[in-house]
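Protein chains in written order, with our numbering: chain S, 309 to 475; chain X, 309 to 475.
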DNA sequence: CTTGCTGCAAAGTGTTTGCATACAT
DNA sequence: ATGTATGCAAACACTTTGCAGCAAG
């Protein structure tokens with residue numbers, strides 16, 4: 309959904325920023341543009357490394373921080389001990405907003421867009437209400453469901469996953 | 309809101325578990341019962357330490373993991389690099405379910421119960437739909453809003469917090 | 001008594017920082 | 001030319017693991 313728009317938007321935003329257009333930055337953006345996974349810094353590093361071995365992990369961290377700053381990347385903590393990153397779509401591109409379904413056994417992450425419309429509508433109302441009530445300026449929200457994915461259900465590990473919850 | 313019920317429920321659940329009722333475990337549960345904050349392992353350790361200096365940080369970690377297992381504690385990752393814990397209410401006690409409002413500047417966490425009813429209703433429907441669609445067994449969910457709290461709004465740091473989102 | 005639980009120290013993991021060099025503008 | 005960005009190594013912060021001694025049942 310709008311991979312090109314996404315690319316255009318984020319590249320433009322990067323070019324228009326105060327920051328220098330370096331090879332590592334372009335390479336990292338490219339990796340993010342060509343995946344729909346939620347990659348960790350290490351994973352991004354490895355992918356960049358494969359055709360740009362001069363890259364350093366530190367640079368990946370710093371670049372991701374920068375991308376989050378200028379708003380082209382979103383950072384998630386799903387509770388498995390490492391941060392994960394995905395491209396933001398920006399306010400211009402509608403329809404690719406999604407939430408997450410996370411398997412507490414294998415850490416698989418599923419994006420879903422089903423039922424999103426109702427969720428977003430409710431969230432907007434809630435946001436307004438909370439802003440007024442708590443004098444809070446809300447910039448973002450997260451919704452995620454935790455449970456067992458199809459595969460792990462079948463394996464039917466007797467692990468107790470109740471009570472596990474991560475924001 | 310049912311602090312006693314909470315205490316009863318979690319103590320009972322601990323006693324009925326296979327696990328031994330040790331002094332550290334009781335002490336840690338007590339700390340959790342007497343706060344409404346979202347404490348980190350380290351913070352819990354410090355509070356236990358003040359009247360039970362024999363406690364070790366390792367035990368706190370292991371005990372919290374255990375409590376999560378038996379379902380009396382919930383674990384959250386708000387994206388500030390440390391896990392936070394709060395007592396679960398258990399399915400028996402209704403009305404104390406809440407979601408979170410998180411300040412991306414000072415990391416303050418506000419529990420809110422406002423608008424919760426509508427949220428829960430929608431979440432239930434969504435859960436059902438997602439379970440059917442993705443063959444997923446959902447055990448839990450999270451909702452959190454990120455933004456600037458009243459105090460940090462006023463200080464009006466020019467830090468750009470857009471695009472910051474966790475989980 | 002027996003086995004699980006504990007504390008300490010050490011190891012692990014993901015992330016950040018200091019600094020000299022390299023590069024974009 | 002000038003100051004930002006980079007990579008390396010070291011430092012950090014949180015969490016987990018190994019192990020010998022302790023204590024709950």
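Just so you know, even glycine gets a beta-carbon here, dropped at the ideal spot from N, CA and C. Bear in mind the structure is a predicted one, so any value in this text is a computation, not a measurement.
Residue 340 of chain S (DSSP reduced to helix, strand or coil) = Residue 340 of chain S: helix per DSSP, three-state reduction.
Is residue 348 of chain X helix, strand or coil when you go by DSSP?
-> Strand at residue 348 of chain X.
Where DSSP assigns a beta bridge to residue 448 of chain X, which residues make up the other side?
-> Beta-bridge pairing links residue 448 of chain X to S:454.
Going by the CB atoms, is the gap between residue 410 of chain S and residue 444 of chain S shorter than 9 Å?
-> Their beta carbons are not under 9 Å apart, which means residue 444 of chain S does not touch residue 410 of chain S by this criterion.
Taking only the alpha-carbon atoms, compute the straight-line gap between residue 321 of chain X and residue 327 of chain S and give it to the nearest angstrom.
-> Each residue's alpha carbon lies about 55 Å from the other.
According to the Cβ coordinates, are residue 371 of chain S and residue 336 of chain S closer than 9 Å?
-> One thing to note: residue 371 of chain S has its Cβ within 9 Å of the Cβ of residue 336 of chain S.
Determine which residues share a DSSP beta bridge with residue 385 of chain S and list them.
-> Residue pairing by DSSP puts residue 385 of chain S in a beta bridge opposite S:391.
Got a sec: is the Cβ-Cβ distance from residue 411 of chain X to anything in chain S below 9 Å?
-> So, interface residue.
Hey, is residue 415 of chain S's beta-carbon within less than 9 Å of any beta-carbon in chain X?
-> So, not an interface residue.
Give every residue of the same chain whose Cβ lies closer than 7 Å to the Cβ of residue 430 of chain X, excluding the five residues on either side of it in the sequence, and list them in chain order.
-> Hits under 7 Å: none found.
Minimum Cβ-Cβ distance from residue 263 of chain S to chain X less than 9 Å = An answer regarding residue 263 of chain S cannot be provided, because it is not within the stretch 309 to 475 covered by chain S.
Determine contact between the region 385-397 of chain X and the region 340-350 of chain X, defined as no fewer than three beta-carbon pairs at a distance below 8 Å.
-> These segments touch.
May I ask you to list, following chain order, the residues of the region 428-447 of chain S that have a beta carbon less than 7 Å from some beta carbon of chain X?
-> Answer set for the region 428-447 of chain S: 430, 434, 435, 437, 438, 441, 442, 443, 444, 445, 446 and 447.
Within the 9 Å Cβ cut-off, does residue 472 of chain S reach chain X?
-> Residue confidence for residue 472 of chain S is low, a pLDDT of 44 falling below 50, so the modelled location carries little weight; the figure read from the coordinates is stated next. Output row for residue 472 of chain S: interface = yes.
Does any CB atom of chain S fall closer than 9 Å to the CB of residue 458 of chain X?
-> True, the Cβ-Cβ gap to chain S drops below 9 Å.
Determine the DSSP secondary structure at residue 405 of chain X, reduced to helix, strand or coil.
-> Residue 405 of chain X falls in the coil class under three-state DSSP.
Does DSSP put residue 460 of chain S in a helix, in a strand, or in coil?
-> Here residue 460 of chain S sits in helix by DSSP.
Candidates X:455, X:451, X:450 and X:437: which alpha carbon is nearest residue 415 of chain X's?
-> Comparing alpha-carbon positions, the option among X:455, X:451, X:450 and X:437 lying closest to residue 415 of chain X turns out to be X:455.
Residues that DSSP places opposite residue 419 of chain S in a beta bridge | Looking at the DSSP assignment, residue 419 of chain S forms a beta bridge with S:408.
Give a yes or no on whether the minimum CB-CB distance between residue 406 of chain X and chain S is below 9 Å.
-> For residue 406 of chain X, the answer is no, since every Cβ of chain S falls outside 9 Å of its Cβ.
Residue 471 of chain S to residue 423 of chain S span [Cα, whole Å] = Low per-residue confidence applies at residue 471 of chain S: pLDDT is 43, beneath 50, and the placement is therefore not dependable enough to give any value.
Using a C-beta cutoff of 9 Å, does residue 461 of chain X count as contacting chain S?
-> Any Cβ of chain S closer than 9 Å to the Cβ of residue 461 of chain X would place that residue at the interface, and such an atom is present.
In angstroms with no decimal places, state the Cα-to-Cα distance between residue 428 of chain S and residue 319 of chain S.
-> If I take the Cα positions, the gap works out to 27 Å.
Does the beta carbon of residue 352 of chain S sit closer than 9 Å to a beta carbon anywhere in chain X?
-> False, the Cβ-Cβ gap to chain X never drops below 9 Å.
So, is the C-beta of residue 420 of chain S closer than 9 Å to a C-beta in chain X?
-> The beta carbon of residue 420 of chain S sits closer than 9 Å to some beta carbon of chain X.
Beta-carbon spacing of residue 408 of chain X, residue 384 of chain X below 9 Å | With a cutoff of 9 Å on beta-carbon distance, residue 408 of chain X and residue 384 of chain X are scored as near each other.
Using beta-carbon positions only, say whether residue 449 of chain X and residue 458 of chain S come within less than 9 Å of one another.
-> With respect to residue 458 of chain S, residue 449 of chain X sits apart: the two C-beta atoms are not nearer than 9 Å.
Does DSSP put residue 367 of chain X in a helix, a strand or coil?
-> Helix, per DSSP.
Applying a beta-carbon distance threshold of less than 7 Å, which residues of chain X neighbour residue 423 of chain S?
-> For a Cβ distance threshold of 7 Å, residue set 434 and 437 of chain X lies close to residue 423 of chain S, ordered along the chain.
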